[in-house]
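I have placed the structure first, in the form of structure tokens, so that the comments after it can refer back to it.
In our numbering, the protein residues as written are 37 to 331.
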């Protein structure tokens with residue numbers, strides 16, 4: 037039977053199922069004919085991979101001028117730089133523009149997003165954008181990956197459906213598990229991954245206290261109630277410097293503490309090896325793309 041004999045509803049459903057990558061499939065379908073451009077139009081923004089200032093600005097403009105019923109972004113990878121090699125730690129003149137565009141993009145996409153991977157290699161953008169992200173309501177978000185110097189998610193009820201959370205960019209996120217704030221912010225969380233750790237002995241001790249569940253401090257460490265998998269990854273090996281010996285000793289203390297964690301029943305704990313380089317942009321984009329095929 038020819039595909040041309042199927043009704044538009046079937047063609048539309050096929051497009052929806054086919055457009056589960058970074059957006060290249062829907063763009064290709066839109067070039068087949070005027071008919072398929074119309075059929076694929078509702079899925080044109082379904083999955084987006086955006087990197088660098090030019091693409092961020094272009095997406096901001098496109099979303100602002102697109103009717104809400106066609107602005108159904110379900111999967112988004114968003115990076116402040118095209119690649120890790122292009123990142124600099126010097127604030128640029130475009131940073132304020134990029135920051136405003138990023139915040140607007142997140143706000144416009146929030147009602148429909150299901151997966152989000154955000155990489156900020158710019159200190160002048162990252163913390164502000166991530167802080168705003170954690171205070172924005174994402175009712176359908178199930179998977180979130182963050183790379184940048186992040187504050188902790190603490191606003192209750194903003195991410196009620198979030199199941200997988202990956203945090204990278206804070207070398208020692210001590211306080212992440214204190215007072216049950218993560219449980220309140222992400223009540224459906226089942227998978228937690230924290231990477232890029234360095235000299236984070238206090239976080240390792242906090243994690244052990246949360247595993248034991250007997251922390252009697254004023255702000256006790258606590259895991260989300262439904263958490264089943266915890267993955268931790270240290271940062272690449274420290275470079276030799278004037279303070280290298282002391283820093284390496286603190287880093288080794290962290291590793292020793294992580295390796296001797298007592299894992300409670302019902303929790304699957306994984307300690308990943310150190311990566312050779314700390315270039316999150318391509319790694320996060322690849323992991324986001326790979327997960328799309330499993331959802």
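The C-beta atom is built at its ideal place from N, Cα and C for all residues, glycine as well.
On a predicted model such as this, the values are computed, not experimentally measured, just so you know.
Excluding sequence positions up to five away, which residues of its chain have a Cβ less than 7 Å from the Cβ of residue i?
i: residue 266; result: 228, 303 and 305
i: residue 139; result: 165 and 168
i: residue 313; result: 272
i: residue 192; result: 220 and 221
i: residue 299; result: 247 and 305
i: residue 99; result: 107, 141 and 144
i: residue 297; result: 243, 244, 247 and 305
i: residue 241; result: 293
i: residue 96; result: 137, 140 and 141
If you draw a straight line from the C-alpha of residue i to the C-alpha of residue j, how long is it?
i: residue 245; j: residue 222; result: 20 Å
i: residue 181; j: residue 262; result: 19 Å
i: residue 94; j: residue 107; result: 14 Å
i: residue 319; j: residue 186; result: 18 Å
i: residue 152; j: residue 317; result: 13 Å
i: residue 274; j: residue 280; result: 8 Å
i: residue 224; j: residue 310; result: 29 Å
i: residue 78; j: residue 134; result: 26 Å
i: residue 325; j: residue 178; result: 15 Å
i: residue 323; j: residue 249; result: 32 Å
i: residue 338; j: residue 214; result: What the structure shows of the chain is the stretch from 37 to 331, and residue 338 is not part of that stretch, so it cannot be assessed.
i: residue 293; j: residue 238; result: 9 Å
i: residue 129; j: residue 264; result: A caution first: residue 129 carries a pLDDT of 48, below 50, which makes its placement in the model unreliable, though a value can still be read off. Looking at the two C-alpha atoms, the distance is approximately 44 Å.
i: residue 206; j: residue 232; result: 7 Å
i: residue 105; j: residue 149; result: 14 Å
i: residue 141; j: residue 184; result: 18 Å
i: residue 260; j: residue 71; result: 48 Å
i: residue 90; j: residue 252; result: 50 Å
i: residue 218; j: residue 212; result: 7 Å
i: residue 327; j: residue 256; result: 33 Å
i: residue 80; j: residue 208; result: 39 Å
i: residue 155; j: residue 301; result: 33 Å
i: residue 204; j: residue 101; result: 33 Å
Pull up the CB-CB distance for residue i and residue j, whole angstroms please, since I reckon it's below 8 Å.
i: residue 235; j: residue 195; result: The Cβ separation is near 29 Å, so there is no contact.
i: residue 172; j: residue 143; result: 6 Å
i: residue 307; j: residue 295; result: 7 Å
i: residue 160; j: residue 131; result: 5 Å
i: residue 163; j: residue 199; result: Between residue 199 and residue 163 the Cβ distance is about 25 Å, and since that is not below 8 Å, they are no contact.
i: residue 137; j: residue 92; result: 5 Å
i: residue 175; j: residue 147; result: 7 Å
Near residue i, which residues of its chain fall below 6 Å by C-beta distance, leaving aside the five closest residues on each side in sequence?
i: residue 189; result: 170 and 221
i: residue 202; result: 181 and 229
i: residue 113; result: 85, 153, 321 and 324
i: residue 216; result: 258
i: residue 269; result: 231 and 308
Taking 7 Å as the cut-off, is the CB of residue i close to at least one heavy atom of the ligand SAH?
i: residue 226; result: You won't find the ligand SAH in this model; it holds no ligand whatsoever.
Short of 8 Å in beta carbon distance, which residues of its chain neighbour residue i, apart from the five on each side in sequence? Order them along the chain.
i: residue 88; result: 115, 116, 117, 118 and 122
i: residue 46; result: none
i: residue 37; result: Reliability fails at residue 37, whose pLDDT of 49 lies under 50, so the model's placement of it is uncertain and the value that follows must be treated cautiously. Around residue 37: no qualifying Cβ.
i: residue 210; result: 236, 238, 239 and 242
i: residue 330; result: none
The region 244-259 / the region 279-290 touching (three or more Cβ pairs under 8 Å):
At 8 Å Cβ cutoff, the stretches do not touch.
Where in the region 138-164 do unbroken runs of the beta strand (DSSP E), each at least 3 residues long, occur, reported from the N-terminal end onward?
151-155, all fully within the region 138-164.
Can you give, in chain order, each stretch of the beta strand (DSSP E) that sits fully within the region 197-242 and has at least 3 residues?
The region 197-242 contains these whole beta strand (DSSP E) runs: 200-204 and 227-233.
Start-end ranges of the alpha helix (DSSP H) lying completely within the region 81-121, minimum 4 residues:
DSSP runs (the alpha helix (DSSP H)) wholly in the region 81-121: 89-100.
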